[in-house]
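These notes are about the structure you will find just below.
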Amino acid sequence: MTDIAPVDLAQLRAEFPGLPASPLIDRAFDYARERSPAFLFNHVARSWMFAARLAALEQVVHDAEVLAVSTLLHDLGLTDHAPGPNRFEVNGAGIAAAFVRDQGFDDRRAQLVWDSIALHATPSISAFKESEVALCARGIGIDFGTPDNDVLGAAAIASTLAVAPRLDMKRRFTACLCHMAQTRPETTYANFIRDFGERLVPGYKAPSWVDAVFNGPFSE
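Using numbering that gives the first Met the number 0, you'd call the opening residue of the sequence shown number 0 and step up by one each time.
Below you can see the structure in the form of structure tokens.
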């Protein structure tokens with residue numbers, strides 16, 4: 000399947016005029032679009048729309064720029080533009096935080112971006128963090144089918160998919176994660192990529208905390 004061009008900002012704003020606007024959001028949009036394959040960029044664009052729509056629906060007070068940047072940049076760690084020895088969320092969070100600092104964010108807002116991205120795949124923690132962090136994870140989760148799909152509603156999801164189609168998302172996203180489990184397994188043991196490795200990658204074996212506890216250097 001040949002990639003078509005990923006969604007552009009004018010298309011998103013035409014579908015959802017309530018999307019927040021600022022020069023920084025525009026730059027973050029272009030930054031992610033230039034560095035992501037089309038299927039992955041459409042996913043992050045949908046995630047932003049879902050998160051913004053949730054915030055509007057539930058009237059959640061939040062920093063709209065932080066939420067926009069965090070959702071748009073949350074998967075840089077799955078590209079070649081955020082290398083590093085850590086899990087992909089942490090690698091991507093570092094690049095995103097550096098980006099917003101260069102754009103003038105203070106330490107507090109940059110930390111919110113870092114937390115939003117580093118914790119986006121850990122909803123059991125992000126749900127209890129600041130509103131920007133929680134909304135980021137919830138918006139991303141809708142693109143995978145969480146209970147928030149029912150909160151947002153089928154019509155809002157369908158209109159988002161119409162402007163930012165999935166482009167074979169399930170197969171391509173799975174292939175991306177399996178590639179990481181094959182080539183950089185040490186970065187996958189502590190996040191959901193482990194599930195893909197154990198299910199789909201021959202020879203993948205994650206270390207166990209049971210072994211670590213039983214083999215600890217203690218006499219009892």
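The C-beta atom is built at its ideal place from N, Cα and C for all residues, glycine as well.
It should be emphasised that the depicted structure is a prediction, and the values quoted were computed from it without experimental measurement.
Nearest-angstrom Cα separation, counted from ARG198 out to GLU33 = Taking the sequence shown and counting its residues from 1, one reaches residue 33 at position 34. Taking the sequence shown and counting its residues from 1, one reaches residue 198 at position 199. Taking the straight line from one Cα to the other gives about 32 Å.
Could you give the residue range of the alpha helix (DSSP H) that holds GLU57?
-> Position 58 of the sequence shown holds residue 57. Counting along the chain, the alpha helix (DSSP H) containing GLU57 begins and ends at 37-57.
Could you pull out every unbroken alpha helix (DSSP H) segment of at least 4 residues lying fully inside the stretch 86-161, listed in chain order?
-> 87-101, 106-117, 122-125, 130-141 and 147-151
Could you have a look at VAL60 and say whether DSSP puts it in helix, strand or coil?
-> Your numbering for residue 60 matches position 61 in the sequence shown. Three-state DSSP puts VAL60 in coil, outside helix and strand.
Pull up the distance between the alpha-carbon of ASN214 and that of GLY202, whole angstroms please.
-> Counted from its first residue, the sequence shown places residue 214 at position 215. Counted from its first residue, the sequence shown places residue 202 at position 203. If you take the alpha carbons of ASN214 and GLY202, they lie about 23 Å apart.
Reduced DSSP secondary structure (H/G/I, E/B, other) of ASP210 | For the purposes of this step, residue 210 is taken as residue 211 along the sequence shown, with counting starting at 1. In the structure shown, ASP210 sits in a helix (DSSP, three-state: H, G or I).
Residue environment, VAL212, which counts as buried when at least 16 other CB atoms sit within 10 Å | Numbered from 1 along the sequence shown, position 213 holds the residue referred to as residue 212. The residue is exposed, with fewer than 16 neighbouring Cβ atoms inside 10 Å.
Burial state of SER69, where buried means 16 or more other Cβ atoms lie within 10 Å | Against the sequence shown, residue 69 aligns to sequence position 70. Flag for SER69 reads buried.
Please state if the CB of ARG45 and the CB of ALA155 are separated by a distance shorter than 8 Å.
-> Counting from 1 along the sequence shown, the entry for residue 155 is found at position 156. Counting from 1 along the sequence shown, the entry for residue 45 is found at position 46. Not closer than 8 Å, so no.
With distances taken between CB atoms, is the gap from PRO82 to PHE40 smaller than 8 Å?
-> In the sequence shown, residue 82 corresponds to position 83, counting from 1. In the sequence shown, residue 40 corresponds to position 41, counting from 1. Taking 8 Å as the Cβ cut-off, PRO82 and PHE40 do not qualify as a contacting pair.
Looking at the structure shown, is THR186 part of a helix, part of a strand, or coil, going by DSSP?
-> In the sequence shown, counting from the first residue as 1, residue 186 sits at position 187. Helix.
Do SER158 and VAL132 come within 8 Å of each other at the CB atom, strictly closer than that value?
-> By 1-based counting over the sequence shown, the position of residue 132 is 133. By 1-based counting over the sequence shown, the position of residue 158 is 159. No. Outside cutoff.
With distances taken Cα to Cα, identify the nearest neighbour of LEU77 among ILE124, PRO164, THR182 and PHE98.
-> Here residue 77 corresponds to residue number 78 of the sequence shown, with the count starting at 1. The shortest C-alpha separation from LEU77 is found at THR182.
Cα-Cα separation, THR145 to VAL112 | As a working note, residue 145 is residue 146 in the sequence shown. As a working note, residue 112 is residue 113 in the sequence shown. One C-alpha to the other measures close to 22 Å.
GLY196 - containing alpha helix (DSSP H), residue span | Sequence index remark: in the sequence shown, residue 196 carries index 197 (1-based). Per DSSP, GLY196 belongs to the alpha helix (DSSP H) from 192-199.
Counting contacts by CB-CB distance shorter than 8 Å, is ALA109 in contact with chain D?
-> The displayed structure is made up of one protein chain only, and chain D is not part of it.
Exposed or buried, what is ILE24 when buried is set at 16 or more other beta-carbons lying within 10 Å of its beta-carbon?
-> For the purposes of this step, residue 24 is identified with residue 25 of the sequence shown, where counting begins at 1. The residue is buried, with at least 16 neighbouring Cβ atoms inside 10 Å.
Could you name the residues of the same chain whose beta carbon sits closer than 6 Å to that of PHE87, not counting the 5 residues immediately before and after it, in chain order?
-> Numbered from its first residue, the sequence shown carries residue 87 at position 88. GLY76 and LEU77, listed in sequence order.
Measure the C-alpha to C-alpha separation of GLU64 and ALA153 and round it to an integer number of angstroms.
-> Here residue 64 is taken as the residue at index 65 of the sequence shown, counted from 1. Here residue 153 is taken as the residue at index 154 of the sequence shown, counted from 1. Cα to Cα, GLU64 sits roughly 26 Å from ALA153.
Beta-carbon separation of ALA136 and ALA117 under 8 Å?
-> Taking the sequence shown and counting its residues from 1, the one referred to as residue 136 is at position 137. Taking the sequence shown and counting its residues from 1, the one referred to as residue 117 is at position 118. No, the pair does not count as a contact, with Cβ atoms beyond the cut-off.
Taking the continuous alpha helix (DSSP H) assigned at ASP25, which residues delimit it?
-> Reading the sequence shown from its first residue, position 26 is the one you call residue 25. ASP25 -> alpha helix (DSSP H) spans 22-34.
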